[in-house]
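Trainee:
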Amino acid sequence: MPPKGKKKGEVEDLGLMRAARFGRVKNDLSMGFVGLPNVGKSSLTNLLAGNSHAEAANYPFCTIDPNVSQCVVPDKNFRYLADTWKPPSIVPAVLKIVDIAGLIAGASEGAGLGNAFLSHIAAVDGIFHLVRAFDADDVIHVDDSVDPIRDLETIEQELCLKDKDTLSKVIGIEKERIRKEKGIAKSSDPPLGETFESAYAKCDKLLNANVPVQTCNDFRDSEVELIRDWGLITTKPQVYVINMSQRNFIRKGSKWLPKIAEWIKAHGGGQIIPMSVEFEENLAAFKADEEAKKAFLKECSDQARELGLKGPQADVKTMIPRIIRAGRASLCLQSYYTCGPKEVRAWTIMKGTLAPQAAGVIHTDFERGFIKAEVCACADFMELHEGQPSMAKLKEKGKYRQEGKMYAMQDGDICIFMHNTTTSKKK
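Counting in the numbering used here, the sequence shown runs from 117 upward without gaps.
Following this line, the structure appears as structure tokens:
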């Protein structure tokens, strides 16, 4: 049964803001692919970026250093604005994707290339947890058989074990901080604060149960502030991507999907995106031949109907845009637009960013000398502009407004920032 549609104005959280509490406050955050060897990480990275510069090969450790790609964020609003203004320069929003080599059991203790890979995971801001749910004799599985639940357990356990190791050092670091702050002897054993002990106990309990720290709803704000500085991998938001065979993707079913969903629910929950690298590669092989792509998608949809699917359920389409958008949403990123005859650009900011800080993404002087923002919603522009690449019609309708320093930017705002910066005179 498909999920129920959201009501107008309703936001689907999926625990994203819960996980974002622990993250860095920056606009250039990155997602990293995590999984066992040969689950399709490099191939999917290639597909997301629309290129083939990552070393996709059927070998467990072919990606020794993390491969970084920039993926264009699919955005119908941005395309509409670009088509309306038709400027010589068009700059879309992008999402940074890091292809990290595969983990194996024992990685937290250095097995395989574990220590290096875990440090690469620590460097990204969010995780695409890619799980293999397809059989293929020509693609070696590191454990010689396909079992997504076992693979999920392996990866989650390694991440939790690494965090337990990190957590074991936190008490000593905190006691040393207290000694220096209070100027007491190194031989003394200072008592830990109540907030510290509470945060530590909650994290320790979660990690011992093989559950990511970011899934817990019980942390107080003061505890979050402490945990953010501990550098735990499992505080990062996770999106679970399930790599199925093309046939199972078309028929929208697999014996593994219910079991995977049950496992994820038992381990704190999270967004699940079923997809097929096999299907996406076959679709991508047509490149710019749109007619061939349409014929291929129709053939796949016809197969789905033959297998008993009806209505929209039988429609087969690429999942690449959904994966990119899910990664961006998990990092709590959004866009605002600047539009003019010379350039249409999408600027990336974090949800909740105030207007002066949003202006600072363009140039630090814009934030320093911020006066006001002239803003309209993209939806209002699309409804009212009557084909004109200007705000005249919106001003007539009262939909073009001025906002001050405390305005929280909304996803899809079209903005012009007014600022005034002057350099101090030399004495």
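We put the beta carbon where it would ideally sit given N, CA and C, even for glycine.
Keep in mind it's a predicted model, so treat the numbers as computed, not measured.
1) In the DSSP assignment, find the beta strand (DSSP E) that holds Lys488 and state where it starts and stops.
2) Ile530 by DSSP, collapsed to three states: which one?
3) My output table needs one value for Ser168: the three-state DSSP class, helix, strand or coil.
4) Below 8 Å on the Cβ atoms is my contact criterion, and I expect Ala477 with Leu197 to pass it. Report the Cβ-Cβ distance as a whole number of Å.
5) If you follow the alpha helix (DSSP H) that Glu297 is part of, which residue opens it and which one closes it?
6) Given a cut-off of 8 Å, decide if Gln273 and Phe138 are closer than it, judged by their beta-carbon atoms.
7) Which residues bound the alpha helix (DSSP H) around Phe194?
8) Is it right to say Ser205 is buried, meaning 16 or more other beta carbons lie within 10 angstroms of its own, or is it exposed?
9) Given Leu323, which residues of its chain have a CB within under 6 Å of its CB, disregarding the five upstream and five downstream residues?
10) Leaving aside the five residues before and after Ala493 along the sequence, list all residues of the same chain whose C-beta is less than 8 Å from its C-beta, in chain order.
11) Where does Lys157 land, buried or exposed, given buried means 16+ other C-beta within 10 angstroms?
12) Count the CB pairs spanning the stretch 345-359 and the stretch 407-416 that are closer than 8 Å, and state whether there are at least three.
13) Since Val357 sits in a beta bridge, which residues does DSSP pair it with?
14) For the beta strand (DSSP E) that Gly148 lies in, which residues bound it at each end?
15) Determine which residues share a DSSP beta bridge with Thr464 and list them.
16) For the alpha helix (DSSP H) containing Asn364, name the first residue and the last one.
17) Do you know offhand how far Ser284's Cα is from His383's?
Mentor: Quick look at the numbers:
1) 486-493
2) strand
3) Here the model assigns Ser168 a pLDDT of 41, short of 50, so the residue's position is not dependable and the matter cannot be decided.
4) In the sequence as presented, Ala is not what sits at residue 477; that position holds Val. Incorrect: roughly 18 Å between the Cβ atoms, too far for contact.
5) 264-298
6) no
7) 192-201
8) exposed
9) Cys276, Asp279, Lys280
10) Lys515, Gln526, Gly528, Asp529, Ile530
11) buried
12) no
13) Leu246, Ile389
14) 146-150
15) Ser451
16) 362-367
17) 22 Å
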